[in-house]
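See structure below.
There are 2 protein chains.
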Amino acid sequence: MTGARRDGDDPRLEAILTALCADGGRATVQRRIVVSALLAGPRHVTAEELAATVQARHPDIATSTIYRTLEALDRQGVVQHAHLGHGPAVYHLNDTDHLHLVCESCGHVIEVPGSAYEAFARLLAEDYGFRVAPHHFAVQGRCGACAAEPGLPQRGGAVGA
Amino acid sequence: MTGARRDGDDPRLEAILTALCADGGRATVQRRIVVSALLAGPRHVTAEELAATVQARHPDIATSTIYRTLEALDRQGVVQHAHLGHGPAVYHLNDTDHLHLVCESCGHVIEVPGSAYEAFARLLAEDYGFRVAPHHFAVQGRCGACAAEPGLPQRGGAVGA
DNA sequence: TGGCCAACTGCGAGCTGCATGCGTTAGCGT
DNA sequence: ACGCTAACGCATGCAGCTCGCAGTTGGCCA
């Protein structure tokens, strides 16, 4: 897997480290490792998953360092985190404008391009003066597969349709 | 103010207790007190706030009872809970179809009628087969007052895209 | 090239928010 | 009134972070 690759392969790594340094921050070896794992891993990871990935090869990196690095990355706008339902927060790179559809039933996360909610965001801005923050915009519901199952019925004032 | 009122004032109380009993549940004095506090209190409360309200007058009611009562109410569809951002979950009566706009800056929660996102929900259903669950539908962003402040700028894509 | 200083790290304790097991209490149908 | 059992109170436990502290280290400036 990534074992044979050097960390410096991904050009995004240097860009991110530069962004971290831009505000008086420092590019430490630990941060380099954490960011590399973030770039190499799946699209959405929890802090715990990232910690497990990092610590598998670098057991000397503390979990709190992972959290603090993610916090720093979040502050710089490099990554975003969202609280999808009940579990821990998930982090992902802030490279595309999209929102998350989270299936309550199977936990699957569908990414939807930002254009999908453009009209909705505009409506909220015009009628309520509310500016939607796309990061953090997680919509709960049921994906197509789970909605088809006869499991649990839809509750509450289901949105027309 | 509520001190002089009897708990039985609100007709909704009996309806909710009946709903609780409908499924083999029981209408205990504790549940009566918890539901009364829920009806008398503000629109959105955390479990902790509700526990504080209840225990102010009934210190012998355990916190776990509050949680279990809220869970039972949630199961019956009487209340809904949503995770608005980082804090604890908030509970509210399931009486109107609405979604929550949560201001990241000041924490204010704006309620928006369900009709506002009907078109958006339909789009998600048609294009992605995703059925939005209105409860849990919390949109993060900045309210009009906070958006006007020169605080933090809106962030966008940062990584090399 | 060396020194300085603050940012950062690791460790670990602690905190919040909630879940759960257990023995006891008390609704509620009969 | 009786008995079944849901619900209660208490205590404890767990996940997911957060924070304080002492030691380390990166990056800047002379």
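In order, the protein sequences belong to chains V and Z. Start counting at 1 in the first sequence, then tack on 256, and there's your number in this note's numbering. Start counting at 1 in the second sequence, then tack on 256, and there's your number in this note's numbering. Glycine included, every Cβ here is placed at the ideal spot set by N, Cα and C. Quantities reported herein were computed from a predicted structural model and do not represent experimental measurements.
Return the chain-ordered list of same chain residues with a C-beta closer than 7 Å to the C-beta of residue i, the five sequence neighbours on each side being excluded.
{"i": "residue 418 of chain Z", "result": "For chain Z, the structure presents residues 257 to 417; residue 418 of chain Z sits outside this window and is missing."}
{"i": "residue 354 of chain V", "result": "367, 368, 369, 370"}
{"i": "residue 283 of chain V", "result": "273, 276, 277"}
{"i": "residue 344 of chain Z", "result": "302, 303, 304"}
{"i": "residue 268 of chain Z", "result": "295"}
{"i": "residue 404 of chain Z", "result": "none"}
With a 10 Å radius around its C-beta and 16 neighbouring C-beta atoms as the bar for buried, classify residue i as buried or exposed.
{"i": "residue 397 of chain Z", "result": "buried"}
{"i": "residue 352 of chain Z", "result": "exposed"}
{"i": "residue 285 of chain V", "result": "exposed"}
{"i": "residue 342 of chain V", "result": "exposed"}
{"i": "residue 287 of chain Z", "result": "buried"}
{"i": "residue 312 of chain V", "result": "exposed"}
{"i": "residue 401 of chain Z", "result": "exposed"}
{"i": "residue 377 of chain Z", "result": "buried"}
Hey, residue i and residue j: beta-carbon distance below 7 Å or not?
{"i": "residue 395 of chain V", "j": "residue 357 of chain V", "result": "yes"}
{"i": "residue 296 of chain V", "j": "residue 322 of chain V", "result": "no"}
{"i": "residue 386 of chain V", "j": "residue 380 of chain V", "result": "yes"}
Spatial neighbours of residue i within its chain, please: CB distance less than 6 Å, with the 5 preceding and 5 following residues excluded, ordered by chain position.
{"i": "residue 329 of chain Z", "result": "335"}
{"i": "residue 364 of chain Z", "result": "399"}
{"i": "residue 362 of chain Z", "result": "402"}
What's the gap between the Cα of residue i and the Cα of residue j?
{"i": "residue 277 of chain Z", "j": "residue 270 of chain Z", "result": "10 Å"}
{"i": "residue 281 of chain V", "j": "residue 294 of chain V", "result": "19 Å"}
{"i": "residue 359 of chain V", "j": "residue 315 of chain V", "result": "34 Å"}
{"i": "residue 266 of chain Z", "j": "residue 299 of chain Z", "result": "15 Å"}
{"i": "residue 261 of chain Z", "j": "residue 290 of chain Z", "result": "Note on residue 261 of chain Z: pLDDT 45, under 50, position unreliable in the model; the coordinate value appears next. Rounded to whole angstroms, residue 261 of chain Z to residue 290 of chain Z spans 15 Å at the Cα level."}
{"i": "residue 325 of chain V", "j": "residue 383 of chain Z", "result": "37 Å"}
{"i": "residue 333 of chain V", "j": "residue 347 of chain V", "result": "12 Å"}
{"i": "residue 372 of chain Z", "j": "residue 338 of chain Z", "result": "18 Å"}
{"i": "residue 375 of chain V", "j": "residue 388 of chain Z", "result": "17 Å"}
{"i": "residue 279 of chain Z", "j": "residue 331 of chain V", "result": "48 Å"}
{"i": "residue 327 of chain V", "j": "residue 327 of chain Z", "result": "32 Å"}
Spatial neighbours of residue i within its chain, please: C-beta separation below 8 Å, excluding the five flanking residues on both sides.
{"i": "residue 350 of chain V", "result": "333, 334, 335, 336, 391"}
{"i": "residue 310 of chain Z", "result": "289, 290, 293, 317, 322"}
With a threshold of 6 Å (Cβ to nearest heavy atom), would residue i be considered close to the ligand MN?
{"i": "residue 384 of chain Z", "result": "What this structure holds is no ligand at all, so the ligand MN is not there to describe."}
> Which of the residues in the segment 323-350 of chain Z, read from start to end, lie with their CB under 8 Å from any CB of chain V?
Replying inline: 333, 336, 339, 341, 342, 350
> Mind listing which residues of the segment 278-310 of chain V have their C-beta closer than 7 Å to chain Z's C-betas, in chain order?
Replying inline: none
> Quick one, which residues of the segment 360-376 of chain V are near chain Z if we go by CB-CB under 8 Å, in chain order?
Replying inline: 360, 366, 368, 372, 373, 375, 376
>> Against chain V, which members of the segment 376-387 of chain Z pass a CB distance test of less than 8 Å?
In response: 376, 377, 378, 379, 380, 381, 383, 384, 385, 386, 387
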